[in-house]
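What follows is a set of notes on a single structure, which appears directly below.
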Amino acid sequence: MSQQPVLEVTGLEVNFAGKKKAFGRAAPIRAVKGVSFSIQPGETLGLVGESGSGKSTVARAVMQLIEPAAGEVLLKGREITALRGKELRVTRRDIQMVFQDPYSSLDPSMLIADSVGEALEVHDGLRGHERDARVAELLELVGLSSHHLERYPYEFSGGQRQRIAIARALALNPAVVVCDEAVSALDVSTQNQIIGLLEGLREKLNVAYLFISHDLAVVRHISDRVAVMYFGHLVEVGEVSQIFERPAHPYTRALLSAIPIADPLRQRSRKTAMLTGEIPDIVNPPSGCPFASRCEFASGMCREQMPEFREHNGSSVACHHPLQT
Ligand SMILES: Nc1ncnc2c1ncn2[C@@H]1O[C@H](COP(=O)(O)OP(=O)(O)O)[C@@H](O)[C@H]1O
Ligand SMILES: [Mg+2]
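Residues in the sequence shown are numbered from 111 upward in steps of one, following this note's numbering.
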């Protein structure tokens, strides 16, 4: 039963200007290459990959915070990369973001009532008591209270500040919230509380999440499906059980084998496929599969030709030699 996706990203490319050399032109950095995925209403898609793989760049391009070089971003079926001004502002109600550092979304010099209420004023024209009543509702929704309206961000713990950032993101009833390492700076027990909160909010509000994290354990817990990123490319997308129990891409398996297992006996006997070798140079990318230089299965074809995405054992994988599981 497939509905219209809330978010559909097709062929997304993002380039940054590279460092200028003494002579000649700066080579562009191709940070995101041909990334496509979609998210259904109320679904959580986890986006994982090592640091520098392009996850935040995908998030920022989807949010229209940076301009993609190519590709489409459809929000509830509407292309948004070409929108500007008022049209963009109105459409953007439907997609909001929570960052790792709540100070990226909360101005430290603003009262919580103003930070959380800002969008309500700008978009809905709510003022005074009316605005504060709605902010109080939002604070209660995230497990805080109306007592917190007249306080500043520094008066809260890291976990509470993340709750406030979530309240702010939810103010306009978005269809999608992009969480970029939203729990990564928190201790494990606070992480679990915030993840529990996000899951509860999803049930209540049917909001969808693009949940970005380098932490696979967290992603496994919260996601319905998972997309794995390597060197600016998506390499595998599948159901969470598929990805974690029967990964098809050698990179996915290597990434999983880097998660420690609590049981030392199992940890020792586990077939390891640790990550060795170097990530390619982003300024001089290889022509074939970007993982070939680190992959034990790489053949001549892998070094020459970028693999296309194809269905394999229920997940979608970009690999010439997917794992037989
Ligand atoms: N503003 C920028 N200018 C130049 N390069 C950037 C910029 N932002 C990110 N990059 C580069 O793009 C790549 C992807 O970065 P990023 O999206 O932050 O990765 P991740 O979030 O997965 O850690 C990295 O090589 C990074 O150095
Ligand atoms: Mg990042």
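Think of the CB as a built atom: it goes at the ideal place given N, C-alpha and C, for glycine as much as any other residue. Model, not experiment: these values are computed from the prediction.
Could you tell me if residue i is buried or exposed, where buried requires 16 or more neighbouring beta carbons within 10 angstroms of its beta carbon?
i: Asn283; result: exposed
i: Gly164; result: buried
i: Arg278; result: buried
i: Val345; result: buried
i: Gly410; result: exposed
i: Lys143; result: buried
i: Ala337; result: buried
i: Thr386; result: exposed
i: Ala364; result: buried
i: Glu291; result: buried
i: Arg495; result: Absent from the structure is residue 495, since the part of the chain shown begins at 111 and ends at 435.
i: Val226; result: buried
i: Val232; result: exposed
So, is the C-beta of residue i closer than 7 Å to a C-beta in chain B?
i: Ala180; result: The structure shown contains no chain B, having only a single protein chain.
Grouping DSSP H, G and I as helix and E and B as strand, with all else coil, what is residue i?
i: Tyr264; result: helix
i: Gln114; result: coil
i: Asn90; result: Here the chain has residues from 111 to 435 only, and residue 90 is not among them.
i: Arg194; result: coil
i: Glu189; result: strand
i: Leu157; result: strand
i: Asp290; result: strand
i: Ser367; result: helix
i: Glu182; result: strand
i: Leu315; result: helix
i: Val252; result: coil
i: Ile222; result: helix
i: Met411; result: helix
i: Leu307; result: helix
i: Gln270; result: helix
i: Thr300; result: helix
i: Glu418; result: coil
i: Leu259; result: coil
i: Lys130; result: coil
i: Gly238; result: helix
i: Ile389; result: coil
i: His343; result: strand
Express the C-alpha separation of residue j and residue i in angstroms, rounding to a whole number.
i: Ile205; j: Gly348; result: 23 Å
i: Phe126; j: Ala141; result: 7 Å
i: Leu307; j: Val252; result: 7 Å
i: Val145; j: His257; result: 44 Å
i: Phe321; j: Met339; result: 13 Å
i: Pro390; j: Ala368; result: 20 Å
i: Val293; j: Gly152; result: 20 Å
i: Thr167; j: Arg194; result: 20 Å
i: Asp234; j: Arg202; result: 13 Å
i: His239; j: Glu260; result: 13 Å
i: Met207; j: Glu228; result: 15 Å
i: Ala281; j: Cys412; result: 47 Å
i: Pro396; j: Gln270; result: 44 Å
i: Thr435; j: Arg135; result: 46 Å
i: Leu366; j: Gln150; result: 26 Å
i: Tyr262; j: Leu254; result: 14 Å
State yes or no: is the C-beta of residue i within less than 7 Å of the C-beta of residue j?
i: Leu230; j: Arg244; result: yes
i: Thr120; j: Gly181; result: yes
i: Val200; j: Val183; result: no
i: Ser323; j: Val350; result: no
i: Thr317; j: Ala169; result: Correcting the residue type first, residue 317 is Val in the shown sequence and not Thr. The answer is no: Cβ separation not under 7 Å.
i: Val116; j: Lys186; result: yes
i: Pro417; j: Ala402; result: no
i: Gln272; j: Ile305; result: no
i: Pro212; j: Ala275; result: yes
i: Glu388; j: Gly398; result: no
i: Ile155; j: Arg330; result: Strictly speaking, residue 155 in this sequence is Leu, with Ile absent from that position. No, they are not a contact pair.
i: Ser148; j: Glu197; result: no
Taking a cut-off of 6 Å, which residues have a beta-carbon closer than that to any heavy atom of ligand 1, in chain order?
Counting only heavy atoms of ligand 1, the residues whose C-beta sits closer than 6 Å to one of them are, along the chain, Phe126, Ile139, Ala141, Gly159, Ser161, Gly162, Ser163, Gly164, Lys165, Ser166, Thr167 and Ile392.
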